[in-house]
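Numbering (our numbering), first residue to last: 925 to 1076.
In structure tokens form, the structure reads like this:
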């Protein structure tokens, strides 16, 4: 039998401790938005006033199980993400609400980048429901989830 190597850790963490699942995760898109004011002067020269660069993060999952107990790595599942977004995540987990800004840690290439971000969009749709491996199992749903976060 061949050996299977699973990824170590996750690329995304909310509030530095809440691991977001890698289960069927698509690419993580990081982009920058430059905040600046550009104005043409009366003599024809162009002036630019730079304010800041802000990060934007876009990520999606296909066929993401509902809860962390069903994901391959134990990270947040679709309903866990929905509860975090709605602000109804369990306070025992130390989760802050997704209704305000929160820390997002991105771990890649041996480095960790932490930013304070807010949700700008969130969508979740049920792909399959009442899925059971064995007839005695608790049924579960699989979701397609897409989120966009922006740095505050």
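Each residue gets a CB set at the ideal place from its N, CA and C atoms; glycine is no exception.
If you draw a straight line from the alpha carbon of residue i to that of residue j, how long is it in whole angstroms?
i: residue 972; j: residue 1029; result: 32 Å
i: residue 1025; j: residue 967; result: 43 Å
i: residue 1062; j: residue 945; result: 20 Å
i: residue 1001; j: residue 974; result: 39 Å
i: residue 990; j: residue 976; result: 38 Å
i: residue 1051; j: residue 988; result: 9 Å
i: residue 1057; j: residue 996; result: 15 Å
i: residue 947; j: residue 969; result: 52 Å
i: residue 937; j: residue 1034; result: 15 Å
i: residue 933; j: residue 1049; result: 26 Å
i: residue 1027; j: residue 1042; result: 9 Å
i: residue 1060; j: residue 992; result: 20 Å
i: residue 950; j: residue 1076; result: 24 Å
Would residue i and residue j be called neighbours here (beta carbons separated by less than 8 Å)?
i: residue 1044; j: residue 1074; result: yes
i: residue 986; j: residue 1068; result: yes
i: residue 952; j: residue 1071; result: no
i: residue 1009; j: residue 1046; result: yes
i: residue 957; j: residue 978; result: yes
Helix, strand or coil for residue i per DSSP?
i: residue 937; result: strand
i: residue 1008; result: helix
i: residue 952; result: coil
i: residue 1058; result: coil
i: residue 996; result: coil
i: residue 1003; result: helix
i: residue 1024; result: coil
i: residue 1046; result: strand
i: residue 1077; result: Outside the displayed range of the chain (925 to 1076) lies residue 1077, so it cannot be described from this structure.
i: residue 966; result: coil
Using 8 Å for Cβ pairs, my map puts residue i next to residue j. What's the rounded Cβ distance?
i: residue 1031; j: residue 959; result: Going by Cβ atoms, the distance from residue 1031 to residue 959 rounds to 26 Å, so no, they are not a contact pair.
i: residue 1077; j: residue 940; result: Because the chain is modelled from 925 through 1076, residue 1077 falls outside the range shown and cannot be assessed.
i: residue 1011; j: residue 1022; result: 6 Å
i: residue 1064; j: residue 994; result: 6 Å
Query raised in the report: Taking contact to mean at least 3 C-beta pairs separated by less than 8 Å, is the stretch 989–1007 in contact with the stretch 958–967?
Result: Contact fails: fewer than three Cβ-Cβ distances are below 8 Å.
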